[in-house]
Amino acid sequence: MQLEQINSLYSLLKTPKLFGRYITNSHIEKCLNELPKSLISVVGYSVEERPIYSLKFGNGPIKVLLWSQMHGNESTTTKALFDCFNLFDTGNDIPKDILEACTLVVIPILNPDGAERYTRLNANDIDLNRDAQDLSQPESHVLRSVYEDFKPNYCFNLHGQRTIYGVESSGVSATLSFLSPAQDEERSLTPNRKVAMSIISQLHNMLQSELPNGIARYDDGFNLNCVGDTFQNFDVPTVLYEAGHYPNDYNREDVRRLMFIAIIKGLLVISNDVNSFGFEDYLKIPENSKSFYDIIIRDAKISEDNNQLTDVAIQYNEVLKASKIEFVPTVEEISMLDEFYGHKEINAKGGLVRNAENLELKVTSENDFVLINNKKIALKP
Ligand SMILES: [Zn+2]
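Per the numbering used here, residue 2 is the first one in the sequence shown, and the count goes up by one each step.
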């Protein structure tokens, strides 16, 4: 069915200009230059006066608003969007179905200042996804005014999540996560919420063969300061997409393809007369849980004078250096971590684990290497 078709198209249209984690306005401008000018507009400016771009595709009656990189360091969905734009440019049946049924307005980087500095927050240190009521930031105004002018029938709120998330306690990384946000304190199953749930259920079903058990759903605690909750509250079915970690994929190129599939499938579902059919399946999707670290060193002796064994959790700090993201291994926790999984697990088998200078490991210390019984073990991805 569609999955094979979408996959076979993908290798032809993945845009090589976008790669890795650091994606800014200057990266996407190189791609925008290759697209017809008539598709592109500048819908506003960030705190530091960087342009916020929007693209319009299709001319169907169903209006879908998509935005990405509201959090500046969550770039995977932006890469996937540009791959989608390349798909739209082909005469294939899949994009034809979508673009005849829908009009899409897409904001690929809503927070260009955060993208530039590789932060979640904008240049005023505000989380735009907590500013949906205050609208205190220019970027929040841009999204709201695009929303008000366009009056979408559906919204896709595109994000990325840290490597710490797994699918419940299964030990499988939550490579993709979704949410149909609540729109009231009671988390009522309103008609539009059910429609968003149905879209997610259909995505989930299609992606099972690609990602067996690697899809989770976020808890639906209500917060009207979040943009998704607000738009859902306006009775517009809103789907939160989260690109997570796929094994060994720190550049997020594998999950980029999966996200591409998920966005296209979401649009296909909408194009084919979506209703709330099958929304109950959404409730069976396992929940996202904080159950991973990047590395866990098990059964470590960390001090010469204490024979008690413990575990050491290491998380990569993502540091922007010379326009690249460096993954800096940082000790996050030293305790028994039976409830947690490591994307990489190292068993010290009771050996003495020290830092590269042969000193005791400390929480928050950065270590490219550790010594296990004096043997050097590299920690970088
Ligand atoms: Zn986010």
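From the three backbone atoms N, C-alpha and C, an ideal C-beta is built for every residue, glycine too.
Query                                                                                                                      : Result
Neighbourhood of I127 by C-beta distance below 7 Å, restricted to the same chain and skipping five residues each side      : S137 and Q138
CA nearest to the CA of A323, picked from N8, Q6 and Y23                                                                   : Y23
Nearest residue (CA-CA) to G229, options S189, R257, N158 and M198                                                         : N158
Chain-order list of residues whose beta-carbon lies under 8 Å from that of N224 (same chain, five-residue window excluded) : R131 and D230
Length of the line joining the Cα atoms of E340 and Y166                                                                   : 13 Å
8 Å Cβ cutoff met for F1 and L241                                                                                          : No answer is possible for residue 1: it lies beyond the span of the chain, which begins at 2 and ends at 382.
N-terminal and C-terminal residue of the beta strand (DSSP E) that A244 is part of                                         : T239 to A244
CA-to-CA distance, N226 to Q134, given in whole angstroms                                                                  : 5 Å
In DSSP terms, what I1 is bridged to                                                                                       : Because the chain in this structure spans residues 2 to 382, residue 1 falls outside the shown range and cannot be described.
Cβ-Cβ separation, D114 to V48 (assumed contact under 8 Å), whole Å                                                         : 6 Å
S12 versus E305 - alpha carbon distance                                                                                    : 53 Å
Simplified DSSP assignment, three categories, for N348                                                                     : strand
Assigned exposure category for G92 - 16 Cβ within 10 Å defines buried                                                      : exposed
Residue span of the beta strand (DSSP E) that contains S55, given as start and end                                         : P52 to F58
C227, DSSP secondary structure in three states                                                                             : coil
K377, DSSP secondary structure in three states                                                                             : strand
Where S141 sits in the DSSP three-state scheme                                                                             : helix
Contact under 8 Å by Cβ, N112 with Q70                                                                                     : yes
Contact shell at 5 Å, judged by CB to any heavy atom of ligand 1, ordered along the chain                                  : H72, E75 and H160
Alpha-carbon spacing of D282 relative to L190, whole angstroms                                                             : 13 Å
For R163, the residue or residues it bridges with in DSSP                                                                  : R163 pairs with nothing; no bridge assigned.
Cβ of A323 within 8 Å of any chain C Cβ                                                                                    : Given the protein chain composition of this structure (a single chain), no chain C is represented.
Under the three-state DSSP convention, the category G115 falls into                                                        : helix
Delimiting residues of the beta strand (DSSP E) encompassing G45                                                           : I41 to Y46
Integer Cβ distance of G45 from V143, believed to fall under 8 Å                                                           : 4 Å
Integer Cβ distance of S174 from H344, believed to fall under 8 Å                                                          : 7 Å
Own chain, CB closer than 6 Å to A102, minus 5 neighbours either side, in chain order                                      : G61, I63 and S272
Expected contact under 8 Å - CB spacing of L353 and N374 to nearest Å                                                      : 6 Å
Counterpart residues of A314 in DSSP-defined beta bridges                                                                  : I297 and E334
Distance between beta carbons of V270 and G215, contact taken as under 8 Å                                                 : Rounded, the Cβ-Cβ distance is 20 Å, inconsistent with contact.
Reference A349; option with closest CA among Y155, I297 and V196                                                           : I297
Endpoints, beta strand (DSSP E) assigned at K291                                                                           : N289 to K291
Helix, strand or coil at L136 according to DSSP, with G and I counted as helix                                             : coil
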